[in-house]
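If you read the protein sequences in the order shown, they are chains A and B.
Residue numbers are given in numbering that gives the first Met the number 0: position 19 of the first sequence equals residue 18, and the series is strictly consecutive.
Residue numbers are given in numbering that gives the first Met the number 0: position 186 of the second sequence equals residue 185, and the series is strictly consecutive.
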Amino acid sequence: MKVNKLNPPTNNTISQENKGVALSMHPRKFALWLFIVSITMMFAALTSAYIVKFTEGQPLVFDIPIMFWITSVVIIVSSLTMHLAYTAAKKNNTKNIKMFMTITSVLGVIFLVGQWYAWAELVQAGVFFAGSKSAPTGSFIYVFSGVHGIHIISGLVFLLITLRLAFQNKINSEKTSVIEMCATYWHFLDILWIYLFVFLLLNH
Amino acid sequence: MELHNHGQSAVAEAHTHDHHHDEHEHHEDGFIRKYIFSEDHKTIAKQFLILGLMWAFMGGAMSVIFRLQLGFPDFNLEWLRPILGTWINETGKLEQEKYLALVTMHGTIMVFFVLTAGLSGTFSNFLIPLQVGARDMASGFMNMLSFWFFFLASVVMFTSLFLETGPASGGWVIYPPLSALPEAVPGSGAGMTYWLISMALFIVSSLLGGINYITTVINMRTKGLSFARLPLTIWAFFLTAIIGLLSFPVLFAAALLLIFDRSMGTSFFLSDIYIGGKALHHQGGSAILFQHLFWFLGHPEVYIVLLPALGITSEIIATNARKPIFGYRAMVGSMIGIGVLSFIVWAHHMFVTGMNPFLGTIFMLLTLIIAVPSAVKAFNYITTLWKGNIIFTPAMLFSIGLVSLFISGGVTGIVLGNNALDIQLHDTYFVVAHFHLVMGSASFFGMMAGVYHWFPKMFGRMMDDKLGYVHFWLTFIGVYLVFFPMHYIGIAGFPRRYYSFSTFDFGKSYADLNMFISAAAIITFSAQALFAFNFVYSIFRGRLAPLNPWDSNTLEWTTPRVPGHGNWPGAIPTVHRWPYDYSKPDADKDGFTDFIPQHIPFSQTPNSNFEHENDLIAKQEGKKNSGDNEHKHH
Ligand code: HEM
Ligand SMILES: [Cu+2]
Numbered sequence: 000m001k002v003n004k005l006n007p008p009t010n011n012t013i014s015q016e017n018k019g020v021a022l023s024m025h026p027r028k029f030a031l032w033l034f035i036v037s038i039t040m041m042f043a044a045l046t047s048a049y050i051v052k053f054t055e056g057q058p059l060v061f062d063i064p065i066m067f068w069i070t071s072v073v074i075i076v077s078s079l080t081m082h083l084a085y086t087a088a089k090k091n092n093t094k095n096i097k098m099f100m101t102i103t104s105v106l107g108v109i110f111l112v113g114q115w116y117a118w119a120e121l122v123q124a125g126v127f128f129a130g131s132k133s134a135p136t137g138s139f140i141y142v143f144s145g146v147h148g149i150h151i152i153s154g155l156v157f158l159l160i161t162l163r164l165a166f167q168n169k170i171n172s173e174k175t176s177v178i179e180m181c182a183t184y185w186h187f188l189d190i191l192w193i194y195l196f197v198f199l200l201l202n203h
Numbered sequence: 000m001e002l003h004n005h006g007q008s009a010v011a012e013a014h015t016h017d018h019h020h021d022e023h024e025h026h027e028d029g030f031i032r033k034y035i036f037s038e039d040h041k042t043i044a045k046q047f048l049i050l051g052l053m054w055a056f057m058g059g060a061m062s063v064i065f066r067l068q069l070g071f072p073d074f075n076l077e078w079l080r081p082i083l084g085t086w087i088n089e090t091g092k093l094e095q096e097k098y099l100a101l102v103t104m105h106g107t108i109m110v111f112f113v114l115t116a117g118l119s120g121t122f123s124n125f126l127i128p129l130q131v132g133a134r135d136m137a138s139g140f141m142n143m144l145s146f147w148f149f150f151l152a153s154v155v156m157f158t159s160l161f162l163e164t165g166p167a168s169g170g171w172v173i174y175p176p177l178s179a180l181p182e183a184v185p186g187s188g189a190g191m192t193y194w195l196i197s198m199a200l201f202i203v204s205s206l207l208g209g210i211n212y213i214t215t216v217i218n219m220r221t222k223g224l225s226f227a228r229l230p231l232t233i234w235a236f237f238l239t240a241i242i243g244l245l246s247f248p249v250l251f252a253a254a255l256l257l258i259f260d261r262s263m264g265t266s267f268f269l270s271d272i273y274i275g276g277k278a279l280h281h282q283g284g285s286a287i288l289f290q291h292l293f294w295f296l297g298h299p300e301v302y303i304v305l306l307p308a309l310g311i312t313s314e315i316i317a318t319n320a321r322k323p324i325f326g327y328r329a330m331v332g333s334m335i336g337i338g339v340l341s342f343i344v345w346a347h348h349m350f351v352t353g354m355n356p357f358l359g360t361i362f363m364l365l366t367l368i369i370a371v372p373s374a375v376k377a378f379n380y381i382t383t384l385w386k387g388n389i390i391f392t393p394a395m396l397f398s399i400g401l402v403s404l405f406i407s408g409g410v411t412g413i414v415l416g417n418n419a420l421d422i423q424l425h426d427t428y429f430v431v432a433h434f435h436l437v438m439g440s441a442s443f444f445g446m447m448a449g450v451y452h453w454f455p456k457m458f459g460r461m462m463d464d465k466l467g468y469v470h471f472w473l474t475f476i477g478v479y480l481v482f483f484p485m486h487y488i489g490i491a492g493f494p495r496r497y498y499s500f501s502t503f504d505f506g507k508s509y510a511d512l513n514m515f516i517s518a519a520a521i522i523t524f525s526a527q528a529l530f531a532f533n534f535v536y537s538i539f540r541g542r543l544a545p546l547n548p549w550d551s552n553t554l555e556w557t558t559p560r561v562p563g564h565g566n567w568p569g570a571i572p573t574v575h576r577w578p579y580d581y582s583k584p585d586a587d588k589d590g591f592t593d594f595i596p597q598h599i600p601f602s603q604t605p606n607s608n609f610e611h612e613n614d615l616i617a618k619q620e621g622k623k624n625s626g627d628n629e630h631k632h633h
């Protein structure tokens, strides 16, 4: 009956016998959630700094680049395809895993390119990141989308790792933990962007 | 079965994605894997400790140098030239800019490298797996990375000391514009850049560590170890890690914006600045914004520094008073309270930035509320000691010392927390006295207490008690002699971070007291040599430690004298009770002395069980019959 009697560990195995009151969550998934919390805090800091800047003095008034609308749609769609890849994994449908993972990755890249064009649009409109013609509120847009973009790059790396596993047929209904974590992270990045976008829509 | 594989793969998978469920072979650890790139939490803890202690001596030595300047402004420092080089000018005096550099480095090193990495890094790493009954951290690999990021941060910070323009000099709080404009003071150039790189690495290190600590405490407790039975050390490390996880990213954000201001020409924190009569292009930013972001980390950070020390103290005081900790739940509750409150009081560092007085009053109220949980903790320590069967080990002395320092430093916090009083006291030596007692000294005492207490488990040998006593008394008297007089100097209006007071008339009035403080500081610092000797000597030559030298209840003392990889050679013990069954009535009838370790089931101690504990046995018996759910939460 007692778990700890079953599998007496030797000195060189680290196993997790004898667990009683633990969470049922995989430690690595849990760690991912904690990582997400820390990213959230960073963006909370950045956006509250923006509010402070925006409400004091004369903020720079600017238009939200049209491109942000497009990239927002792109990233939402990529979240959907990510979810489809995950459900395909649960149903053991390897063909669909590969297909939807590929689409998600491509959409991720398109998103990044779109963000770049959005920056170009901002420059056209006279909203600069730095220099004598810049103002903090304008610079903040670059910081939001830039720092988010860096996280998107990390998400893309994660997607590619998962994609590679998928093509090695190492993802199936038995082994979903990697793709599940990948999906969690990607959805988070999606939600984070939508938050930033709506935030900018409300305060510009 | 699911459960079993998780832990294994957590460690194994961290290495490579291709060997998912392979056994983690560690048979012949080479020297490098064992002592350098080790994934064993105990080794990593020792690495944190040794690097942290090295920094502590560096930081301490710096303070001696600037105390020499403050106490003996006319003293010729020519003899320091071999170490300090051009930091000593032609007349044998410390360069003025380098004075500021030393103060800045001293603060940064002590707050982050010694009392965050050295304290949390050491004891969270060492004690979490041992006290929760896990074979290692959730991810040994991340844990190893955490140390090496700290190491890199250390290398970068250390290198910055040798820059021609000197290291960062704008204070450990790196307020802009000094930190944002490379041309502001010599240290604002390359030195500041190094500081920012180093701290970015440091933040990564503490996040990696913290994520691991939280995951391990939540996921890897042994059977029977509910949260209500966690040793207070673990509670403290756990809450510290949560606070760190929530606040360090904010510092990261601030540092990021600062980097943009410095090197890319944005103006987040800058506006209307003239250098040498020439206007800079930066417009529209605000330096106060930086202070908000900084102190949103900065205030929680002081608790990141203090809470582990308080946790260590709880454990040591209960053990050596041979009494259950008084008010276990109140202790946990007050730590949670402190943790929550620490996020909503940051503006008490900014009362004189021209903030709306009404807002200041709100922050004053919130600040003063922190005194309540703090006082609860202080009273609980004292009540635990009250009528205890106190055994004065060096660790116990340092713990009691911590309580004393925590109280005397906390009281001045209440003074500073009043925004009307703070107008007078802000940025004076009164503040320096406050936080050196409550944070610096108290946490340092906690660290020392921890080292003396867990040294036997770390190195399998005992430290020398007598040297420990001398070390304690010299340090204890020393820090009071150093920091107590600073209150008067502060009330008299002496600002902090001044190179010299001798050019002002008012400054002369306290020249003798400043001299006294400096002398005390030098003696206190020298006394640490006793510790260094004791530490190093005992690692190699100390008396072999018994298995449970302090007759303690927690799980780490059920491991072999020097626990190997995986901590327990056999099965992990199961936990049956809280860790504070000291001097339980009638324990002798059950064959125990004045302590009953956590892994002893209640069924073995029928005479000493309390009523509700007997009920617990009955309930467990009942559950056993109805399946093996017995180890669910109660
Ligand atoms: C009763 C609880 C406390 C209160 C009400 C309190 C209040 C304050 C206030 C108002 C200041 C700002 C003073 C000024 O700059 O003008 C201050 C500074 C400081 N406090 Fe406390 N404090 C308390 C406890 C603590 C604890 C427990 C720690 C650390 C573990 C701590 C560490 C610090 C530090 C490091 C500073 C100075 C930072 C700097 O300017 O460099 N305080 N405290
Ligand atoms: Cu504070």
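We treat Cβ as the ideally placed atom computed from N, Cα and C, and that holds for glycine.
Partner residues on chain A for residue i, Cβ-Cβ distance less than 9 Å
| i | result |
| --- | --- |
| residue 142 of chain B | Per Cβ cutoff of 9 Å: no residues; residue 142 of chain B is ~11 Å from chain A at best. |
| residue 248 of chain B | 36, 37, 38, 39, 40, 41, 42, 43, 44 |
| residue 213 of chain B | 29, 30, 33 |
| residue 138 of chain B | 26, 27, 30 |
| residue 48 of chain B | In chain order: nothing, as chain A lies at least about 22 Å away. |
| residue 195 of chain B | Simply none; closest approach about 16 Å. |
Enclosing alpha helix (DSSP H) for residue i [first to last residue]
| i | result |
| --- | --- |
| residue 203 of chain A | Note, residue 203 of chain A: premise wrong, no alpha helix (DSSP H); not H, not E. |
| residue 415 of chain B | 393 to 416 |
| residue 120 of chain A | 93 to 123 |
| residue 69 of chain B | 40 to 70 |
| residue 259 of chain B | 231 to 262 |
| residue 381 of chain B | 356 to 384 |
| residue 606 of chain B | Here residue 606 of chain B belongs to no alpha helix (DSSP H), and DSSP marks it neither H nor E. |
| residue 141 of chain B | 139 to 159 |
Heavy atom of ligand 1 within 8 Å of residue i beta-carbon
| i | result |
| --- | --- |
| residue 502 of chain B | no |
| residue 438 of chain B | yes |
| residue 113 of chain B | no |
| residue 189 of chain A | no |
| residue 409 of chain B | yes |
Interface partners of residue i on chain B, CB under 8 Å
| i | result |
| --- | --- |
| residue 36 of chain A | 244, 245 |
| residue 24 of chain A | 218 |
| residue 148 of chain A | Simply none; closest approach about 13 Å. |
| residue 138 of chain A | 259, 265, 266, 267 |
Residue i: CB within 8 Å of a non-hydrogen atom of ligand 2
| i | result |
| --- | --- |
| residue 430 of chain B | no |
| residue 172 of chain B | no |
| residue 294 of chain B | yes |
| residue 345 of chain B | yes |
| residue 348 of chain B | yes |
| residue 298 of chain B | yes |
| residue 301 of chain B | yes |
Proximal residues of chain A, C-beta to C-beta of residue i below 7 Å
| i | result |
| --- | --- |
| residue 284 of chain B | 135 |
| residue 264 of chain B | 129, 130 |
| residue 210 of chain B | 30, 33, 34 |
Partner residues on chain B for residue i, Cβ-Cβ distance less than 7 Å
| i | result |
| --- | --- |
| residue 45 of chain A | 252 |
Contact test: residue i Cβ vs ligand 3 heavy atom, cutoff 8 Å
| i | result |
| --- | --- |
| residue 421 of chain B | Ligand 3 is absent from the structure shown, which contains only ligand 1 and ligand 2. |
Contacts of residue i in chain A (Cβ-Cβ under 8 Å)
| i | result |
| --- | --- |
| residue 280 of chain B | 130, 131 |
| residue 295 of chain B | 44 |
Under 9 Å by beta carbon: chain B residues contacting residue i
| i | result |
| --- | --- |
| residue 52 of chain A | 267, 283, 284, 285, 288 |
Tell me, please, whether the region 276 to 292 of chain B touches the region 363 to 372 of chain B by the rule of three or more beta-carbon pairs shorter than 8 Å.
no
Determine, using beta-carbon pairs with one atom in the region 185 to 201 of chain B and one in the region 276 to 285 of chain B, whether at least three such pairs fall under 8 Å.
no
Can at least three beta-carbon pairs, one atom from the region 47 to 59 of chain B and one from the region 505 to 513 of chain B, be found at a separation below 8 Å?
Because the criterion of three Cβ pairs below 8 Å is not met, the region 47 to 59 of chain B and the region 505 to 513 of chain B do not touch.
Stretch pair the region 222 to 235 of chain B + the region 572 to 585 of chain B: three plus CB contacts closer than 8 Å
yes
For the 8 Å Cβ check, are there 3 or more pairs between the region 287 to 307 of chain B and the region 341 to 349 of chain B?
yes
Three or more beta-carbon pairs under 8 Å between the region 319 to 329 of chain B and the region 255 to 267 of chain B, yes or no?
no
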